[in-house]
Amino acid sequence: MPPSSAAAASRTYLQDRVQRHYLEVLPSRWRAVLSRLAKNTQLRQKADVVVDNNLLSDIQADFDLIHALLAEEHRIYREGVTCLCSPASSGEAETRRLAAAQQLMQGMLSCIAMKELLIAHWKGALLDTSPSTLRVYCHACISNPHVSATNVERLLALYTLP
Numbered sequence: 017m018p019p020s021s022a023a024a025a026s027r028t029y030l031q032d033r034v035q036r037h038y039l040e041v042l043p044s045r046w047r048a049v050l051s052r053l054a055k056n057t058q059l060r061q062k063a064d065v066v067v068d069n070n071l072l073s074d075i076q077a078d079f080d081l082i083h084a085l086l087a088e089e090h091r092i093y094r095e096g097v098t099c100l101c102s103p104a105s106s107g108e109a110e111t112r113r114l115a116a117a118q119q120l121m122q123g124m125l126s127c128i129a130m131k132e133l134l135i136a137h138w139k140g141a142l143l144d145t146s147p148s149t150l151r152v153y154c155h156a157c158i159s160n161p162h163v164s165a166t167n168v169e170r171l172l173a174l175y176t177l178p
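Converting from the sequence shown to the numbering used here requires adding 16 to each position, the first position being numbered 1.
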């Protein structure tokens, strides 16, 4: 791929997949499923509630949806590694782009790993996780502390430089 088309593909990936999908669409989906799952988890934890098969099915369906969201985040990560982390040429500008891209990809992978750990704990300790811990888990899964629109804008600016 010629350098200009590689830069165009990188810009498209950053704008469409990272800015729009990873930072805008996916957090809204996470928010919806986690809100529902937290509510159902708290219902399940109530001692006076008889085990409701519908509630258990809803909880399992939410965990399945969460795994689909994690799989989508992994796809976006792999696309980024393929698109951004293969040096198209040598030179100072390319070195800066590559370093910034690797930092973004490492941040994305850190966020995904954190979500996987939190969700695994939530699922494994469904009856024992306190409401305040559930709130922390929800916030942590919705936020992407290592991937921000500012990081993406900076990287996009590097791809507009010659």
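For glycine and all other residues, C-beta sits at the position ideal for the given N, C-alpha and C.
Contact check, residue i vs residue j, beta carbons under 8 angstroms
i, j, result
"Asn56", "Asp32", "no"
"Asn167", "Cys127", "no"
"Met124", "Gly96", "yes"
"Arg45", "Leu85", "yes"
"Leu81", "Val49", "yes"
"Leu100", "Met121", "yes"
"Leu133", "Cys157", "no"
"Tyr175", "Ala23", "yes"
"Leu171", "Ala115", "no"
Range covered by the alpha helix (DSSP H) that runs through residue i
i, result
"Arg91", "69-100"
"Arg36", "Careful: Arg36 lies outside any alpha helix (DSSP H) and carries neither H nor E."
"Thr57", "42-61"
Which of helix, strand or coil DSSP assigns to residue i
i, result
"Thr24", "Inspection of the sequence shows that residue 24 is occupied by Ala rather than by Thr. Three-state result, Ala24: helix."
"Gly107", "coil"
"Glu169", "helix"
"Asn160", "coil"
"Val152", "helix"
"Met17", "Here Met17 scores only 45 on pLDDT, less than 50, and its place in the model should not be relied on; the value that follows carries that caveat. Looking at Met17 - three-state DSSP - the assignment turns out to be coil, as it is neither helix nor strand."
"Leu142", "coil"
Buried/exposed call for residue i, threshold 16 Cβ in 10 Å
i, result
"Val152", "exposed"
"Ser68", "For clarity, residue 68 is Asp in the given sequence; the question names Ser instead. The residue is exposed, with fewer than 16 neighbouring Cβ atoms inside 10 Å."
"Val66", "exposed"
"Val41", "exposed"
"Gly140", "exposed"
"Ser26", "buried"
"Thr28", "exposed"
"Lys98", "Note that residue 98 is Thr in the sequence shown, not Lys. Flag for Thr98 reads exposed."
Counting pairs of Cβ atoms below 8 angstroms between the stretch 42-58 and the stretch 103-118, do you hit three or more?
-> no
Give a yes or no on contact between the stretch 24-39 and the stretch 83-92, applying the rule of three or more CB pairs nearer than 8 angstroms.
-> yes
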